[in-house]
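Undergrad:
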Amino acid sequence: MSDQPEVIHQPGEATPQEVHNALTGTGLHDREWADDQWHALLTNLVASGMATWKDVAALTLGHLNPSQVGTSLASSEGFKRRYGKGNTMRIVMEWAYQQTGRCADCGSRLELQADHMKGREQFEDPLDADFIENMTLRCRRCNVVRRPSHEFGGLTYLTAEAALMWILLVVRPRTFRDYVRMCRLYGMTMADIRMMEAWAMAHWLAKANPPAFGIEDDAATFYDLLLWPDNAITRVDSGRPVPGDAKQVAAHVRGDAVLGALAVGGDGRFRWYEQPLSFMPFSTYDLGNKEPQALAISYTPPDRKARTPQKLNPLPPRGMDLRAYAIRTATQRLTAVTGTGLTRDLPTSSPNGKILPFSLGTGKVDLTCIETGQQQQPETPSLFTDIENG
Ligand SMILES: [Zn+2]
Numbered sequence: 446m447s448d449q450p451e452v453i454h455q456p457g458e459a460t461p462q463e464v465h466n467a468l469t470g471t472g473l474h475d476r477e478w479a480d481d482q483w484h485a486l487l488t489n490l491v492a493s494g495m496a497t498w499k500d501v502a503a504l505t506l507g508h509l510n511p512s513q514v515g516t517s518l519a520s521s522e523g524f525k526r527r528y529g530k531g532n533t534m535r536i537v538m539e540w541a542y543q544q545t546g547r548c549a550d551c552g553s554r555l556e557l558q559a560d561h562m563k564g565r566e567q568f569e570d571p572l573d574a575d576f577i578e579n580m581t582l583r584c585r586r587c588n589v590v591r592r593p594s595h596e597f598g599g600l601t602y603l604t605a606e607a608a609l610m611w612i613l614l615v616v617r618p619r620t621f622r623d624y625v626r627m628c629r630l631y632g633m634t635m636a637d638i639r640m641m642e643a644w645a646m647a648h649w650l651a652k653a654n655p656p657a658f659g660i661e662d663d664a665a666t667f668y669d670l671l672l673w674p675d676n677a678i679t680r681v682d683s684g685r686p687v688p689g690d691a692k693q694v695a696a697h698v699r700g701d702a703v704l705g706a707l708a709v710g711g712d713g714r715f716r717w718y719e720q721p722l723s724f725m726p727f728s729t730y731d732l733g734n735k736e737p738q739a740l741a742i743s744y745t746p747p748d749r750k751a752r753t754p755q756k757l758n759p760l761p762p763r764g765m766d767l768r769a770y771a772i773r774t775a776t777q778r779l780t781a782v783t784g785t786g787l788t789r790d791l792p793t794s795s796p797n798g799k800i801l802p803f804s805l806g807t808g809k810v811d812l813t814c815i816e817t818g819q820q821q822q823p824e825t826p827s828l829f830t831d832i833e834n835g
């Protein structure tokens, strides 16, 4: 995720504290939603000026129109080959009139498309799949989720383009990074560029008067940091009550500070991680049945060539054996003081971490801040255990 662009806070934009979300209890996925929740979402979009009832009606009418059902088939090579160019449209429309006009899978009347019952890939000559008895009607969503490339097909009711707006307007990410993390957690596998485009809506709404969206102003805000039982570290607004299964590890930390963490991975080696607070996920969202620290993830895109799916990895030190952590300002460096009194300079690192180029020996390790040649205790004490560094 380090190749993501910095999202700069615009002057005059709202912070999340200034914007109230009228919808609550929604969760990340929409599959469990009841009719009255959908109704509330729509009413809210209209009431907030995002759309008018006329917009809603016009879009619905447009999507009810089965405009591509006939021509998509009549223009296909397989149909023209089988039925002859002059006959195809008549045969296709006779078939269309005989249908129920609902999606074969979900029953929707919206965005219906002609789809193969037995797929093209099941025929030696793919064009042999094109015969009228092999066709059925499916809505665009059901058509898309049947594709093998769609890993999370059926998890939600929404197409990806609708879900991008669902997450933005209902779950309300406070930073672009959290937005991308939510989209990945939701099951989206497309390129980040789709989320960057959708995030424009957040900026537009944040600049409205009164502001209708809150984008975090990281550098001008103070946060409390929470450590979760799986060693995920998240941030919350300063002074917020600490949830029962989390532990507050730092209070009132500037948003431009950096968290350093020393942790041991599965291979038993020490790794050193540095994570700016602006990179750190919030644990303040309603993610439904997902744990509050669920956004402490990083993302590896799917490899289409190697046919490997996308990977969501825990964001260190989540899932690792956390040995020490401390917070430094942008101008400070951190050092490790070993149990035998040796001081080791810790290299600058990233959320991806670095394997330590030196041994820390056994025993207690202490993290210390260094600034302009002077040593001082970090504002936040380190977490220590007796360690074995093999
Ligand atoms: Zn459907």
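End of the sequence shown = 835 in our numbering, gap-free, step of one.
All C-beta atoms, glycine included, are put in the ideal place defined by N, C-alpha and C.
A quick note: this is a predicted structure, and the numbers were derived from the prediction, not measured.
Of the residues S493, M627, G523 and V681, which one's Cα is nearest the Cα of Q740?
TA: With the sequence shown as reference, residue 740 is identified as Leu, and Gln is not the correct amino acid for it. Nearest option by C-alpha distance: M627.
Undergrad: Note down, in chain order, each residue of its chain lying with its Cβ closer than 6 Å to the Cβ of G800, except the 5 sequence neighbours on either side.
TA: Inspection of the sequence shows that residue 800 is occupied by Ile rather than by Gly. Same-chain partners within the cutoff: R714 and R716.
Undergrad: Between which residues of its own chain and P461 is the CB-CB distance below 7 Å, once the five residues before and five after are set aside?
TA: The answer, listed in chain order, is R619, G659 and E661.
Undergrad: Taking 7 Å as the cut-off, is the beta-carbon of S553 closer than that to any non-hydrogen atom of ligand 1?
TA: The answer is yes for S553.
Undergrad: Write down every uninterrupted run of the beta strand (DSSP E) in the segment 611 to 690 whose length is 3 residues or greater and which is fully enclosed by it, in chain order.
TA: If we require 3 residues or more, the beta strand (DSSP E) runs fully inside the segment 611 to 690 come out as 667 to 672 and 678 to 682.
Undergrad: Just mark N654 as buried or exposed, buried being the case when its beta carbon has 16 or more other beta carbons within 10 Å.
TA: So N654 ends up on the exposed side.
Undergrad: Which one or two residues does DSSP pair with Q693 in a beta bridge?
TA: Per DSSP, L671.
Undergrad: Do the segment 578 to 587 and the segment 558 to 567 touch if we need at least three Cβ pairs shorter than 8 Å?
TA: Counting Cβ pairs under 8 Å, three or more are found: they touch.
Undergrad: Thinking Q720 and S728 are a contact (beta carbons under 8 Å), I'd like their distance in whole angstroms, please.
TA: Not confirmed; about 15 Å, so no contact.
Undergrad: Can you tell me whether DSSP reads E522 as helix, strand or coil?
TA: E522 falls in the helix class under three-state DSSP.
Undergrad: From S794 to A691, what does the alpha carbon distance come to, in whole angstroms?
TA: If you take the alpha carbons of S794 and A691, they lie about 26 Å apart.
Undergrad: Provide the residue span of the beta strand (DSSP E) that contains C838, from first to last.
TA: With the chain covering only 446 through 835, there is no way to say anything about residue 838.
Undergrad: Below 8 Å on the Cβ atoms is my guess for G523 versus D575; work out the distance and round it to an integer in Å.
TA: Indeed, because the Cβ distance is near 3 Å, the residues count as touching under 8 Å.
Undergrad: Tell me which residues share the same chain as F724 and place their Cβ nearer than 7 Å to its Cβ, disregarding the 5 neighbours each side in the sequence.
TA: Around F724: R622 and P796.
Undergrad: So, D858 versus W611, is the Cβ gap smaller than 8 Å?
TA: A query on residue 858 cannot be resolved here, the shown segment of the chain reaching from 446 to 835 and no further.
Undergrad: Which stretch, first to last residue, makes up the beta strand (DSSP E) that contains R778?
TA: Where R778 is concerned, the enclosing beta strand (DSSP E) stretches over R778 to V782.
Undergrad: Roughly how far, in whole angstroms, is the beta-carbon of V415 from the beta-carbon of Y730, given that I think they are within contact range, below 8 Å?
TA: The chain is shown from 446 up to 835; residue 415 falls before or after that span and cannot be answered.
Undergrad: Any idea what DSSP makes of N797, helix, strand or coil?
TA: Coil at N797, not helix or strand.
Undergrad: In three-state terms, what does DSSP make of R895?
TA: The displayed coordinates of the chain run from 446 to 835. Any statement about residue 895 would go beyond what the structure contains.
Undergrad: Determine the closest residue to G472 out of L509, L614 and S520, with distance taken between C-alpha atoms.
TA: Considering only alpha carbons, the answer is L614.
Undergrad: Give me the Cβ distance between P762 and A706, rounded to the nearest whole Å; I'm assuming they're in contact under 8 Å.
TA: With 8 Å as the limit, P762 and A706 qualify as a contact, their Cβ atoms being about 5 Å apart.
Undergrad: Within the same chain, show all residues whose beta-carbon is closer than 7 Å to that of M635, passing over the 5 residues directly before and after it, in chain order.
TA: Around M635: A605.
Undergrad: Using CA coordinates, which residue listed in K809, V709, T753 and A651 is at the minimum distance from Q455?
TA: Checking every option, the nearest Cα to that of Q455 belongs to A651.
Undergrad: If I measure Cβ to Cβ from M633 and keep anything under 6 Å in the same chain, skipping five residues before and after, which residues do I get?
TA: Cβ neighbours of M633 beyond the five flanking positions: A605.
Undergrad: Could you give the residue range of the beta strand (DSSP E) that holds L557?
TA: Run containing L557: L557 to H561, per the beta strand (DSSP E) assignment.
Undergrad: Could you name the residues of the same chain whose beta carbon sits closer than 8 Å to that of T505, not counting the 5 residues immediately before and after it, in chain order?
TA: Excluding residues within five positions, the ones whose Cβ falls inside 8 Å are L555.
Undergrad: Let me know the secondary structure DSSP gives S728 once reduced to three states.
TA: In this structure, S728 counts as coil in the three-state DSSP scheme.
Undergrad: Taking the alpha-carbon of T783 as reference, which of F803, M495, N466 and G457 has the nearest alpha-carbon?
TA: Of the listed residues, the one whose Cα sits closest to T783 is F803.
Undergrad: Can the beta-carbon of T533 be found closer than 8 Å to that of K525?
TA: Cβ atoms of T533 and K525: closer than 8 Å.
Undergrad: Given a threshold of 16 other Cβ atoms within 10 Å of its Cβ, counted over all protein chains shown, does N676 qualify as buried or as exposed?
TA: Result: buried.
Undergrad: Using 8 Å as the threshold, is the C-beta distance between A645 and G700 below it?
TA: In this structure, G700 does not lie closer than 8 Å to A645 by Cβ.
Undergrad: Quick check: is any heavy atom of ligand 1 less than 7 Å from the C-beta of D550?
TA: Yes, since a heavy atom of ligand 1 falls inside the 7 Å radius drawn around the Cβ of D550.
Undergrad: So, with DSSP's three-state summary, where would you put H465?
TA: If DSSP states are grouped into helix, strand and coil, H465 belongs with coil.
Undergrad: Reducing DSSP to helix, strand and coil, say where L473 ends up.
TA: Residue state, collapsed to three classes: coil.
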